[in-house]
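Step one of this worksheet: look at the structure below.
2 protein chains.
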Amino acid sequence: MAKKRPLILVTNDDGITAPGIRALIEVMNTIGDVYVVAPDAPQSAMGHAITINDTLYCNKLKVTKDEPQQEYSCSGTPVDCVKLAVNEILKRKPDLCVSGVNHGSNSSINVIYSGTMSAAVEAGTLGIPSIGFSLLDYSLEADFEPAKKYIKLLVNQCIENGLPKGVVLNVNIPKLSAKEIKGVKVCRQANAHWEEKFDKRTNPLGRDYYWLTGEFVNNDKGEDTDEWALANGFVSVVPVQFDLTAHHAIKDINTWELS
Amino acid sequence: MAKKRPLILVTNDDGITAPGIRALIEVMNTIGDVYVVAPDAPQSAMGHAITINDTLYCNKLKVTKDEPQQEYSCSGTPVDCVKLAVNEILKRKPDLCVSGVNHGSNSSINVIYSGTMSAAVEAGTLGIPSIGFSLLDYSLEADFEPAKKYIKLLVNQCIENGLPKGVVLNVNIPKLSAKEIKGVKVCRQANAHWEEKFDKRTNPLGRDYYWLTGEFVNNDKGEDTDEWALANGFVSVVPVQFDLTAHHAIKDINTWELS
Chain W
1 MAKKRPLILV
11 TNDDGITAPG
21 IRALIEVMNT
31 IGDVYVVAPD
41 APQSAMGHAI
51 TINDTLYCNK
61 LKVTKDEPQQ
71 EYSCSGTPVD
81 CVKLAVNEIL
91 KRKPDLCVSG
101 VNHGSNSSIN
111 VIYSGTMSAA
121 VEAGTLGIPS
131 IGFSLLDYSL
141 EADFEPAKKY
151 IKLLVNQCIE
161 NGLPKGVVLN
171 VNIPKLSAKE
181 IKGVKVCRQA
191 NAHWEEKFDK
201 RTNPLGRDYY
211 WLTGEFVNND
221 KGEDTDEWAL
231 ANGFVSVVPV
241 QFDLTAHHAI
251 KDINTWELS
Chain C
1 MAKKRPLILV
11 TNDDGITAPG
21 IRALIEVMNT
31 IGDVYVVAPD
41 APQSAMGHAI
51 TINDTLYCNK
61 LKVTKDEPQQ
71 EYSCSGTPVD
81 CVKLAVNEIL
91 KRKPDLCVSG
101 VNHGSNSSIN
111 VIYSGTMSAA
121 VEAGTLGIPS
131 IGFSLLDYSL
141 EADFEPAKKY
151 IKLLVNQCIE
161 NGLPKGVVLN
171 VNIPKLSAKE
181 IKGVKVCRQA
191 NAHWEEKFDK
201 RTNPLGRDYY
211 WLTGEFVNND
221 KGEDTDEWAL
231 ANGFVSVVPV
241 QFDLTAHHAI
251 KDINTWELS
């Protein structure tokens with residue numbers, strides 16, 4: 001008996017027309033029945049934002065004759081897209097949610113700013129196995145070909161093995177040729193941060209304003225981190241949880257005088 | 001010799017004019033030298049969003065003669081406010097960052113949607129001890145008086161004891177009178193989630209749109225959770241980490257066939 005094809009929800013934060021999501025859709029079409037519900041405009045760095053004080057619009061898009069997927073664009077954030085897809089668009093809970101492929105890294109601390117990963121996390125909170133994919137190349141002309149092999153491998157393994165409860169995957173792919181990529185490493189999130197620099201300017205009316213710029217600082221020398229893996233030619237896979245409790249710190253805080 | 005007064009950054013996500021932040025400023029003025037850098041408009045449910053494709057404006061506000069704090073309103077998100085404050089406004093790294101008091105709960109899974117907590121987490125990534133405060137009352141007329149005692153207690157304990165590295169606090173305060181609040185409990189984040197319901201409507205031009213609504217579902221019966229503490233009259237304190245790695249899952253994922 002043929003195995004039932006999985007129902008796959010595809011989303012991203014760069015918007016439904018981004019090359020990264022087109023690459024992801026192409027791979028997912030080889031694996032399952034694909035519904036795309038993604039923002040109608042770029043939503044980078046939106047984190048886990050949701051739309052609570054505004055309306056949400058959702059449009060069914062036409063796809064070309066030889067494309068099997070269904071596509072919907074949504075006026076909201078990546079997390080809105082997941083909520084709308086699961087509750088209003090898909091006929092049943094999807095077997096898998098994939099988000100991306102993001103144009104740019106979501107490794108290390110970037111996971112907390114990332115709309116791509118927030119969409120994956122949102123699906124995770126709904127009990128849906130979920131993976132966010134990012135390529136370390138911000139360019140619109142980025143080459144997603146070398147990434148496809150690893151996306152397929154990881155999605156198939158995820159379908160076969162399942163994911164531990166409360167865990168989603170953060171997958172980052174180095175900007176390298178297929179030959180140069182050395183393989184896959186399961187990692188922890190590097191303990192890095194951003195040091196911001198604001199570019200202060202004056203507008204034509206004489207009012208000061210700022211542009212946010214920053215430098216990524218990684219002082220974590222561990223060889224078990226995503227930053228190490230990526231710098232050494234590996235695809236990094238970090239299992240990410242949305243129980244943010246620092247369980248190890250509960251004992252510490254309980255020594256405080258709190259009565 | 002008198003102890004040096006700590007430099008305290010105050011922010012929130014309900015906007016600089018919200019009653020919750022006014023209550024927090026009042027308490028912080030009794031403890032240290034206060035700089036307020038907060039959004040010029042409500043930014044609820046913004047999660048860890050940052051402004052990367054737009055300008056940021058920042059205005060120094062006038063305070064009344066008898067108010068000692070400095071105040072700045074910012075056109076960005078709560079996380080933008082923290083970045084701007086630390087890099088452009090404050091003369092040195094603050095000794096503490098407090099965010100809130102949020103109008104409404106940020107307990108359990110709400111921590112991942114919360115602008116209040118994202119501001120606290122951002123300060124945490126910069127190495128600043130940091131606490132987010134929320135009152136379980138959405139009303140603009142909420143009574144913040146009973147909360148003030150616990151805010152003062154927790155901030156003083158935080159200054160005295162410090163926080164473990166990579167940990168910030170998520171403090172939620174029940175909507176109860178001073179007499180009814182039973183004390184403080186250090187907790188873990190309850191394993192709860194939102195079940196969304198979308199209210200589908202048609203606009204005057206005949207186009208469908210949605211309002212996001214939802215129901216909070218908590219099937220976690222543990223008595224060590226924030227939900228239990230709040231339901232039983234306690235102030236909940238959850239230590240929150242921004243290393244999202246599910247360390248326990250690394251071994252599992254390493255059993256996958258990844259080569």
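If you read the protein sequences in the order shown, they are chains W and C. Quick note: the first sequence, position 40, residue 40 per UniProt numbering, numbers continuous. Quick note: the second sequence, position 144, residue 144 per UniProt numbering, numbers continuous. Glycine included, every Cβ here is placed at the ideal spot set by N, Cα and C.
In this structure, how does DSSP classify Gly233/C when only helix, strand and coil are distinguished?
Under the three-state reduction of DSSP output, Gly233/C falls in the coil class, being neither helix nor strand.
Taking 9 Å as the threshold (beta carbon to beta carbon), is Ile228/C in contact with chain W?
Note that residue 228/C corresponds to Trp in the displayed sequence, not to Ile. Under the Cβ distance rule, Trp228/C does not count among the residues neighbouring chain W, no pair being separated by less than 9 Å.
Between which residues of its own chain and Tyr138/C is the CB-CB distance below 6 Å, once the five residues before and five after are set aside?
Excluding positions up to five away in sequence, the list reads His103 and Gly104.
Any beta carbon of chain W sitting closer than 9 Å to that of Met46/C?
Met46/C counts as touching chain W.
Quick one: is Ala123/C near chain W, going by C-beta distance under 9 Å?
Ala123/C is outside the set of residues whose beta carbon lies under 9 Å from a beta carbon in chain W.
Between the Cα of Lys182/W and the Cα atoms of Gly15/W, Gly166/W, Asn172/W and Asn232/W, which residue gives the shortest distance?
With distances taken between Cα atoms, Lys182/W lies closest to Asn232/W.
CB of Ser107/C within 9 Å of CB of Glu215/C, strictly
Their beta carbons are not under 9 Å apart, which means Ser107/C does not touch Glu215/C by this criterion.
For Phe216/C, go through chain W and note every residue whose CB falls closer than 8 Å to its CB, in chain order.
Residues of chain W with a Cβ closer than 8 Å to the Cβ of Phe216/C do not exist, since the nearest Cβ in that chain sits about 12 Å away.
Identify the contact partners of Ser99/W in chain C, using a Cβ-Cβ distance below 7 Å as the criterion.
Going along chain C, no residue has its Cβ under 7 Å from Ser99/W, so there is no contact; the nearest lies around 15 Å.
Is the CB of Lys62/W under 9 Å away from at least one CB in chain C?
Under the Cβ criterion of 9 Å, Lys62/W is not counted among the residues facing chain C.
Just to make sure I have the definition right: I need the residues of chain B whose C-beta is within less than 8 Å of the C-beta of Asp243/C. Which are they?
Among the protein chains of the structure shown, namely W and C, there is no chain B.
Output the boundary residues of the alpha helix (DSSP H) element that contains Glu145/C.
Here the alpha helix (DSSP H) through Glu145/C covers Glu145 to Asn161.
N-terminal and C-terminal residue of the alpha helix (DSSP H) that Asp66/C is part of:
Note, Asp66/C: premise wrong, no alpha helix (DSSP H); not H, not E.
Assuming the contact rule is C-beta atoms closer than 8 Å, Leu136/C and Asn172/C should be a hit. Round their C-beta distance to whole Å, please.
The beta carbons of Leu136/C and Asn172/C sit about 6 Å from each other, so the pair counts as a contact at 8 Å.
Taking the Cβ atom as the reference point for each residue, do Val82/C and Leu24/C lie within a distance shorter than 9 Å?
In this structure, Leu24/C does not lie closer than 9 Å to Val82/C by Cβ.
How far does the alpha helix (DSSP H) with Ser118/W in it reach, from first residue to last?
Run containing Ser118/W: Gly115 to Thr125, per the alpha helix (DSSP H) assignment.
Can you give the Cα-Cα distance for Glu145/W and Asn161/W, rounded to whole angstroms?
Here the alpha carbons of Asn161/W and Glu145/W stand approximately 25 Å from one another.
Closest by CA to Glu71/W, which one among Gly124/W, Leu56/W and Leu90/W?
Minimum Cα distance to Glu71/W is reached at Leu90/W.
Short Cβ contact (9 Å threshold) for Val79/W with Gly115/W
Going by C-beta atoms, Val79/W is nearer than 9 Å to Gly115/W.
Taking the beta carbon of Leu205/C as the centre, do at least 16 other beta carbons fall within 10 Å, making it buried, or is it exposed?
Result: exposed.
Locate the alpha helix (DSSP H) running through Glu250/C, then write down its first and last residues.
It should be pointed out that residue 250/C corresponds to Ile in this sequence rather than to Glu. In the DSSP assignment, Ile250/C falls within the unbroken alpha helix (DSSP H) covering Ile250 to Ile253.
Residues of chain C with a CB under 9 Å from the CB of Leu176/W: which are they?
The contacting residues do not exist; Leu176/W stays about 17 Å from chain C at best.
Counting only beta-carbon separations shorter than 9 Å, does Lys200/C have a partner in chain W?
It does; some Cβ of chain W falls within 9 Å.
Pairs of beta-carbons, one from the segment 34–50 of chain W and one from the segment 8–21 of chain W, closer than 8 Å: are there three or more?
At 8 Å Cβ cutoff, the stretches touch.
Which residue wins for smallest C-alpha separation from residue 272/C, given the options Thr245/W, Val217/W and Pro164/W?
The structure shown does not extend to residue 272/C, since chain C spans only 1 to 259, so no value can be given for it.
Answer with yes or no whether the minimum CB distance from Arg92/C to chain W is below 9 Å.
Taking Cβ atoms only, chain W never reaches closer than 9 Å to Arg92/C, which makes this a no.
At 4 residues or longer, and completely inside the segment 170–243 of chain W: list those alpha helix (DSSP H) runs for me, N to C.
Annotation: the segment 170–243 of chain W contains the following complete segments of the alpha helix (DSSP H) (minimum length 4 residues), in chain order: 226–231.
When the Cα of Glu195/C is compared with those of Val237/W, Glu67/W and Val86/W, which residue comes out closest?
Looking only at Val237/W, Glu67/W and Val86/W, the smallest Cα-Cα distance to Glu195/C is reached by Val86/W.
Does DSSP classify Asn53/W as helix, strand or coil?
Asn53/W: coil per DSSP, three-state reduction.
Sub-9 Å separation of Asn29/C and Pro68/C beta-carbons
Yes, the Cβ-Cβ distance between Asn29/C and Pro68/C is below 9 Å.
Taking its Cβ as the centre, do 16 or more other Cβ atoms sit within 10 Å of His247/C, making it buried, or is it exposed?
Per the 10 Å Cβ criterion, exposed.
Interface residues of chain C around Glu257/W at Cβ under 7 Å?
What Glu257/W touches in chain C: Gln157.
Decide if Val184/C is buried, meaning its Cβ has at least 16 other Cβ atoms within 10 Å, or exposed.
Per the 10 Å Cβ criterion, buried.
I'd like the ranges of any beta strand (DSSP E) spanning at least 3 consecutive residues and lying wholly in the segment 72–113 of chain W.
Qualifying beta strand (DSSP E) stretches, in chain order: 96–103.
According to DSSP, Ile8/C sits in a beta bridge with which residue or residues?
Beta-bridge partners of Ile8/C (DSSP): Val34/C and Leu96/C.
Nearest-angstrom Cα separation, counted from Leu244/W out to Ile31/W:
The straight-line gap from Cα to Cα measures roughly 32 Å.
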